[in-house]
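Chains as they are written, first to last, in the numbering used here: chain A, 20 to 365; chain B, 20 to 365. Note that the Cβ used here is the ideal one computed from N, Cα and C, for glycine as well. As the structure is a prediction and not an experimental result, all values here were calculated from the model. The structure appears right after this line, and notes come after that.
Protein chains: 2
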Amino acid sequence: MDELPPPLAARRATIITLSREAGVAPSTVSRALKGDTRISPETRARISRLAKELGYTPHASARTLSSGRSGLIGVVVGSSANPFYTELLHEAVRQAAPLGMRLLIIHAGPGPIENSTADALLQYQVDGCLMTSVELPSHVAAICASNGVPVVMVNRVARMNSSAVTCDNLFGAAQLAQLLLDQGHRRFAVVRTSASSSTGQERERGFLERVTEAGCEPPLLLDGRSTYEGGYERALQIAALPAARRPTAVFAVSDIMAFGVLDAFRMRGVRVPQDISVVGFDGLPAAARPCYELTTVEQPLGAMVGRALGMLQARIGHPSLPDETVSLRGALIVRKSSGSPPSRSR
Amino acid sequence: MDELPPPLAARRATIITLSREAGVAPSTVSRALKGDTRISPETRARISRLAKELGYTPHASARTLSSGRSGLIGVVVGSSANPFYTELLHEAVRQAAPLGMRLLIIHAGPGPIENSTADALLQYQVDGCLMTSVELPSHVAAICASNGVPVVMVNRVARMNSSAVTCDNLFGAAQLAQLLLDQGHRRFAVVRTSASSSTGQERERGFLERVTEAGCEPPLLLDGRSTYEGGYERALQIAALPAARRPTAVFAVSDIMAFGVLDAFRMRGVRVPQDISVVGFDGLPAAARPCYELTTVEQPLGAMVGRALGMLQARIGHPSLPDETVSLRGALIVRKSSGSPPSRSR
DNA sequence: GGCGAATGCGCAAACGTTCGCGCAATGGAA
DNA sequence: TTCCATTGCGCGAACGTTTGCGCATTCGCC
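Structure follows, in structure tokens:
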């Protein structure tokens with residue numbers, strides 16, 4: 020006859036189990052497992068060994084309840100139509116695990132966040148928030164701010180009460196502009212995005228500044244709606260222009276739109292780069308495909324995510340840290356779509 | 020001089036706060052908020068009103084600790100190189116929220132799951148698991164099984180101790196085969212996947228059965244590695260074949276490979292569908308692009324995810340429910356890549 | 001030989017919910 | 001009037017962890 024208290028034969032090992040087994044107090048187990056130096060090295064070793072033997076796994080909810088920390092990072096990810104967000108998410112998952120952070124998906128997709136959804140931020144006591152969505156409703160930001168949840172925007176410029184890490188959009192776009200200028204281009208089109216995309220705005224500005232600085236006429240501005248389809252449609256318009264007024268180079272502020280542009284030109288028999296040059300921005304893997312060979316600026320995704328998680332971690336430890344914005348320089352990747360290098364074209 | 024107990028001026032409202040405010044016991048508040056009929060309708064109404072006023076939000080960790088249910092679904096999602104997984108994930112996020120489920124990302128990407136990662140399943144007490152990865156290591160399945168965590172595979176056939184929901188791959192592939200047969204095709208190539216993809220295997224088999232049944236010679240089988248690049252390379256091989264031996268139709272078992280196939284043919288001047296027909300499987304949005312116009316079978320993503328979540332929900336409530344496999348029929352979408360409809364080609 | 005500081009650990013109170021019981025009050029039936 | 005059911009709610013013990021505080025011991029030092 021065994022004692023009945025353990026209702027199910029095999030229950031999961033807890034700190035209590037360990038403490039009984041080791042003949043110490045639960046608090047000692049807790050401290051030993053997190054390497055508290057107040058516990059003697061021998062005891063610590065003994066307890067870790069025991070934990071391994073019994074297959075002990077800490078109970079996240081209990082920890083959260085007691086400590087106020089969940090180890091959860093809420094993520095809001097943008098439209099699935101742009102592969103960049105997918106890459107970003109995957110990179111975040113990859114990097115978060117080793118840091119002891121888990122990702123709780125709060126919202127995904129192009130639409131705004133519903134109120135009921137934002138509740139999860141509170142319910143699950145997320146320690147921080149990673150946002151890549153275009154539309155961050157201010158009430159979500161308010162919820163985070165009033166609960167001391169640090170927010171880091173990735174690939175978005177900071178708003179009130181949040182930090183941000185972006186690619187150096189101005190510099191990258193200027194590099195692209197310079198590349199095209201060096202090849203003798205003087206008439207440009209920019210396939211832009213709506214004003215709600217801060218990233219798109221910056222890239223557009225960086226490009227415009229450089230080409231107007233160089234004395235070119237202001238580029239033709241067309242809204243590509245941040246989608247492949249938008250880029251496609253805009254390129255059809257460009258292709259339909261009389262040759263004399265048609266720009267000789269197109270800057271699509273994101274690769275996904277550039278793909279649409281390239282495909283549309285091909286459908287219309289406009290040759291890239293012979294008839295027109297095309298450049299993008301993001302550095303999606305697909306930009307390297309033989310059918311695109313797109314010149315672009317590759318965002319340093321790994322570094323950006325690493326920085327973002329680091330900033331989050333720092334602010335979780337020290338909530339008083341001021342908001343911060345860092346921008347990382349991307350790499351210009353020259354491919355066929357922008358035409359021959361200047362040495363050969365001149 | 021206020022009493023000090025509330026350390027911070029404004030603390031979050033808890034059930035205790037509400038109980039004091041309403042003059043009832045905490046247990047009553049708990050029951051009232053979940054609509055327990057043992058509490059009088061008036062009391063229930065009063066408490067819900069109060070909860071709204073004070074901005075009460077339940078504390079998920081406390082609930083988990085006490086009830087053993089977390090409301091969390093662990094998700095394992097496959098490679099970011101295939102947009103299908105992205106679509107699937109987004110659909111899951113969309114549908115889970117209204118059901119009161121949140122998605123905790125356990126693992127993302129093509130690689131296998133590390134042990135340390137799988138721990139999250141236990142630590143966070145996930146109620147169920149949604150898996151779309153190609154490789155489900157058996158130890159993860161074991162963890163779930165031994166802890167009573169129901170597992171549903173999506174777009175994968177069931178393994179031990181898990182349910183599954185898939186598209187009817189056999190039927191869909193047979194439909195594609197029939198379509199091509201009706202147009203007079205007799206020599207086929209299949210761009211397949213490795214044996215680890217159960218879905219790919221089924222599609223291949225469904226196609227093969229139909230065409231051999233129709234008396235055709237066995238198709239040329241080429242491994243496309245489930246990637247765009249793989250499809251591209253295989254199509255280059257096909258294009259290099261002497262015309263007499265070259266198949267007249269290619270079935271890529273996933274759209275992403277079909278895109279590679281189409282682009283490779285275009286690069287080689289092989290015209291689709293005049294010189295060769297191409298069909299895919301998945302129904303990715305990109306299949307509709309003017310540069311692809313890919314005939315494919317569209318997986319009923321919304322229904323599949325809905326079914327998966329429903330099965331999970333049912334098993335969370337009744338752990339003894341037997342494992343189950345459901346397959347949903349997709350829609351054949353005929354586009355340009357498969358050639359003219361039979362009525363005009365004959 | 002006495003004093004203060006380490007060193008190493010235990011006590012017990014949180015954290016916010018859930019849920020099995022149990023208890024009082026009310027009502028109807030006998 | 002007594003008895004039993006029903007209705008409506010409260011009591012209190014979990015759930016597993018963290019953490020501030022405090023208490024012994026041991027050691028070095030004057």
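Just to check my reading of the structure: residue i and residue j have Cβ atoms closer than 8 angstroms, yes? What is that Cβ distance to the nearest angstrom?
i: A:V171; j: A:M330; result: 5 angstroms
i: A:V298; j: A:S356; result: 7 angstroms
i: B:M276; j: B:G249; result: 6 angstroms
i: B:L340; j: B:R326; result: The pair is not a contact, with the Cβ atoms about 14 angstroms apart (cut-off 8 angstroms).
i: A:L241; j: A:Q256; result: 7 angstroms
i: A:R211; j: A:A258; result: Going by Cβ atoms, the distance from A:R211 to A:A258 rounds to 18 angstroms, so no, they are not a contact pair.
i: B:Q142; j: A:A116; result: Contact doesn't hold; Cβ gap of about 12 angstroms is too wide.
i: B:A41; j: B:R63; result: About 11 angstroms separates the two Cβ atoms, so there is no contact after all.
i: A:Y75; j: A:A32; result: 4 angstroms
i: B:L375; j: B:F103; result: Since the first residue shown for chain B is 20 and the last is 365, residue 375 of chain B is missing from the structure and cannot be characterised.
i: B:L198; j: B:V345; result: The Cβ separation is near 25 angstroms, so there is no contact.
i: B:L320; j: B:E61; result: Contact doesn't hold; Cβ gap of about 45 angstroms is too wide.
i: B:V168; j: B:C148; result: 6 angstroms
i: B:R376; j: B:S217; result: Chain B is shown only over 20 to 365; residue 376 of chain B falls outside these bounds and no answer can be derived.
Does the beta carbon of residue i come closer than 8 angstroms to any beta carbon on chain A?
i: B:P25; result: At B:P25, the pLDDT of 39 sits below 50, so the modelled position is not reliable; the number obtained from the coordinates is stated separately. Output row for B:P25: interface = no.
i: B:C450; result: For chain B, the structure presents residues 20 to 365; residue 450 of chain B sits outside this window and is missing.
i: B:D282; result: yes
i: B:M286; result: yes
i: B:S80; result: yes
i: B:S157; result: no
i: B:I124; result: yes
i: B:S273; result: no
Run down chain B in chain order and give the residues with a C-beta less than 8 angstroms from the C-beta of residue i.
i: A:C163; result: Correct list: empty, because the minimum Cβ distance to chain B is about 14 angstroms.
Determine, for residue i, whether the minimum Cβ-Cβ distance to residues of chain B falls below 8 angstroms.
i: A:M120; result: no
i: A:P169; result: no
i: A:T246; result: no
i: A:R365; result: With a pLDDT of 37 at A:R365, under the threshold of 50, the modelled position of that residue is not reliable, and no figure is offered here.
i: A:A254; result: no
Under 9 angstroms between beta-carbons, which chain A residues line up against residue i? List them in chain order, please.
i: B:G128; result: H109, V112, R113
Which bits of chain A does residue i rub up against, with CB to CB less than 8 angstroms?
i: B:P102; result: S99, P102, T105
i: B:S89; result: S80
i: B:Q144; result: H78, A79, S80
Name, please, each residue of chain A whose Cβ falls closer than 7 angstroms to the Cβ of residue i.
i: B:D138; result: T76
Given that residue i touches chain B, what residues does it touch there, using C-beta distances under 7 angstroms?
i: A:T83; result: S80
i: A:L141; result: T76
So which residues of chain B does residue i contact, with C-beta pairs closer than 9 angstroms?
i: A:S135; result: A116, P117
Handout entry: Given 8 angstroms, three or more beta-carbon pairs between the segment 205–221 of chain A and the segment 308–320 of chain A
Key = no
Exercise for the section: For the segment 83–93 of chain B and the segment 62–74 of chain B, state whether three or more C-beta atom pairs, one from each stretch, are separated by less than 8 angstroms. Expected result: no
Practice task
Name, going along the chain, the residues of the segment 213–247 of chain B whose beta-carbon falls closer than 9 angstroms to a beta-carbon of chain A.
Solution key: Y247
Problem - Contact between the segment 129–144 of chain B and the segment 333–351 of chain A (3+ Cβ pairs under 8 angstroms) - result: no
Exercise for the section: May I ask you to list, following chain order, the residues of the segment 300–329 of chain B that have a beta carbon less than 8 angstroms from some beta carbon of chain A? Expected result: P304, A305, R308, P309, C310
Practice task
Evaluate the contact criterion for the segment 96–109 of chain A versus the segment 263–272 of chain A: three or more CB pairs, one atom per stretch, below 8 angstroms.
Solution key: no
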